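Reading through the structure tokens given below for one structure.
Protein chains: 2
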Amino acid sequence: ILHSFFSCLCSSACFTGQHGVKGRCLCLDTGVKIIHRGQIEKVELTPASPSCANVEMIVTLKDGAGRKCVNPESKFAQNMMKRLMMKR
Amino acid sequence: ILHSFFSCLCSSACFTGQHGVKGRCLCLDTGVKIIHRGQIEKVELTPASPSCANVEMIVTLKDGAGRKCVNPESKFAQNMMKRLMMKR
Chain A
1 ILHSFFSCLC SSACFTGQHG VKGRCLCLDT GVKIIHRGQI EKVELTPASP SCANVEMIVT
61 LKDGAGRKCV NPESKFAQNM MKRLMMKR
Chain B
101 ILHSFFSCLC SSACFTGQHG VKGRCLCLDT GVKIIHRGQI EKVELTPASP SCANVEMIVT
161 LKDGAGRKCV NPESKFAQNM MKRLMMKR
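So the protein sequences, as listed, match chains A and B. So that you can map any letter, position 86 of the first sequence is 86 in my numbering, and since no number is skipped, the others follow by simple counting. Plus 100 on top of the position in the second sequence (first one is 1) and you've got my numbering.
Here's what the structure looks like:
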């Protein structure tokens with residue numbers, strides 16, 4: 001708990017690091033609204049499930065810069081997914 | 101190589117298992133066109149990059165059933181992403 005508390009302090013998109021522990025979301029908040037597109041290595045989307053009622057979007061950043069929760073409802077996230085799915 | 105060859109035989113959506121080794125895509129083919137929605141634990145999208153010119157979609161299946169490459173251009177993939185991004 002202490003670790004995730006401190007990781008919350010340093011980044012606005014808190015990430016529990018636990019992988020979907022029963023009854024727990026991976027993201028502690030709604031996540032950031034924007035990320036520099038060039039920094040994105042991978043996007044993970046976890047559908048709502050018994051362990052978390054939210055659809056969660058977690059972006060893995062390049063060069064080992066970590067992972068960040070992104071708000072899937074943000075304009076940035078919506079446009080990014082459209083672009084990815086239309087391969088532009 | 102042998103391992104990935106055999107994993108190709110048993111599943112139609114070959115997956116190299118290597119994580120973006122320089123100059124290599126994660127998926128050896130375009131991937132399956134459809135997956136049972138209830139089996140999906142997580143969806144990973146990797147944008148095109150110097151190591152792979154394709155946008156790649158890899159679905160992690162529930163209950164440790166493994167991971168599968170999915171064709172991001174398939175109707176199923178397009179509809180799934182729309183649903184996820186509109187949280188229905």
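Every residue, glycine too, gets a C-beta built ideally from N, C-alpha and C. On a predicted model such as this, the values are computed, not experimentally measured, just so you know.
With DSSP as the reference, label residue i as helix, strand or coil.
i: Lys62(A); result: helix
i: Lys42(A); result: strand
i: Met181(B); result: helix
i: Lys133(B); result: coil
Which bits of chain A does residue i rub up against, with CB to CB less than 7 Å?
i: Gln178(B); result: Met85
According to the Cβ coordinates, are residue i and residue j closer than 8 Å?
i: Arg167(B); j: Val159(B); result: yes
i: Asn71(A); j: Gly38(A); result: no
i: Glu41(A); j: Lys62(A); result: yes
i: Met185(B); j: Met86(A); result: no
Taking C-beta pairs closer than 8 Å, name the residues in chain B that residue i reaches, listed in chain order.
i: Ile95(A); result: Residue coverage of chain A in this structure runs from 1 to 88, which leaves residue 95(A) outside it and unanswerable.
Below 9 Å on C-beta distance, what does residue i contact in chain A?
i: Val132(B); result: By Cβ distance, chain A contributes nothing, its closest Cβ being about 16 Å from Val132(B), past 9 Å.
Identify, in the order they occur along the chain, each residue of the same chain with its Cβ nearer than 7 Å to the Cβ of residue i, setting aside the five sequence neighbours on each side.
i: Pro47(A); result: Val55
i: Lys33(A); result: Asn71, Ser74 and Phe76
Going by beta carbon distance, what residues of the same chain come within less than 6 Å of residue i, once the five residues before and after it are set aside?
i: Cys152(B); result: Cys125
Output needed for residue i: all residues of its chain with C-beta closer than 8 Å, excluding positions within five of it in sequence on either side, in chain order.
i: Ile135(B); result: Val159, Leu161, Lys168, Val170 and Phe176
Does the stretch 76–83 of chain A come into contact with the stretch 124–140 of chain B, if we say contact requires no fewer than three beta-carbon pairs (one atom in each stretch) closer than 8 Å?
no
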